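Student: Pasting a structure below so you can have a look.
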Amino acid sequence: MFNIRPYQFLEWNRESFCCGDYVALVLKDHCGISLPPMNYKGGVIEAAIALRSTPARSLFKKIDQPKPFCVVEMQQYRSADHVGVCVEVDGKLLITHCENGAGVLLSTFAEISEHYKILGFYEFS
Numbered sequence: 003m004f005n006i007r008p009y010q011f012l013e014w015n016r017e018s019f020c021c022g023d024y025v026a027l028v029l030k031d032h033c034g035i036s037l038p039p040m041n042y043k044g045g046v047i048e049a050a051i052a053l054r055s056t057p058a059r060s061l062f063k064k065i066d067q068p069k070p071f072c073v074v075e076m077q078q079y080r081s082a083d084h085v086g087v088c089v090e091v092d093g094k095l096l097i098t099h100c101e102n103g104a105g106v107l108l109s110t111f112a113e114i115s116e117h118y119k120i121l122g123f124y125e126f127s
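Numbering (the numbering used here), first residue to last: 3 to 127.
And the structure:
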């Protein structure tokens, strides 16, 4: 079961810590997976470019249904610009992610759908 407490005070920072960095941290802590750095600095456009071009994409395969510790790719603007991780909390599948201005969050799928379109779920392969 996922515990958000170790992450709850992490903040999104355009120079050093984005949603992709948070995903990498959660996967390393809970699954022992080490991902290459995102090399991301900037805003939404830079995030979309980094997500599209990161070498880490080749380490994942798309799956049909979400499951614990799969990556969730999301879109708020014109292309994929946000990622999170599915986690199980009290028997429910939720999405943890790090947002600009809000920091680390734990959201239901309904809450995510208020702001993002879910583009896909990806499992480390």
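For every residue, glycine included, the Cβ atom is placed at its ideal position computed from N, Cα and C. As the structure is a computational prediction, the values presented were derived from the model and not from experiment.
Using DSSP with H/G/I as helix, E/B as strand and the rest coil, what is L108?
Tutor: Reduced to three states, the DSSP call for L108 is strand.
Student: What residue from E90, N102, G103 has the CA that sits closest to T110's CA?
Tutor: E90
Student: Helix, strand or coil for G22? Go by DSSP, reduced to three states.
Tutor: helix
Student: Write down every uninterrupted run of the alpha helix (DSSP H) in the region 44–81 whose length is 4 residues or greater and which is fully enclosed by it, in chain order.
Tutor: 46–55
Student: Considering only residues of the same chain and omitting the five flanking positions on each side of K64, which have a CB-CB separation below 6 Å?
Tutor: G122, Y124
Student: Contact defined as beta carbons within less than 8 Å: I believe A52 pairs with M40. What is the distance between those atoms, to the nearest angstrom?
Tutor: 5 Å
Student: Look up E13 in the DSSP assignment and say whether it is helix, strand or coil.
Tutor: coil
Student: How many Å lie between M2 and D31 at the Cα?
Tutor: The displayed coordinates of the chain run from 3 to 127. Any statement about residue 2 would go beyond what the structure contains.
Student: For a quick check, are the C-beta atoms of L29 and V74 less than 8 Å apart?
Tutor: no
Student: Between P8, G103, A26, S18, which lies nearest to F62 when the distance is taken from Cα to Cα?
Tutor: A26
Student: How long is the line joining the alpha carbons of C33 and L96, rounded to whole angstroms?
Tutor: 17 Å
Student: Helix, strand or coil: how does DSSP classify I35 here?
Tutor: coil
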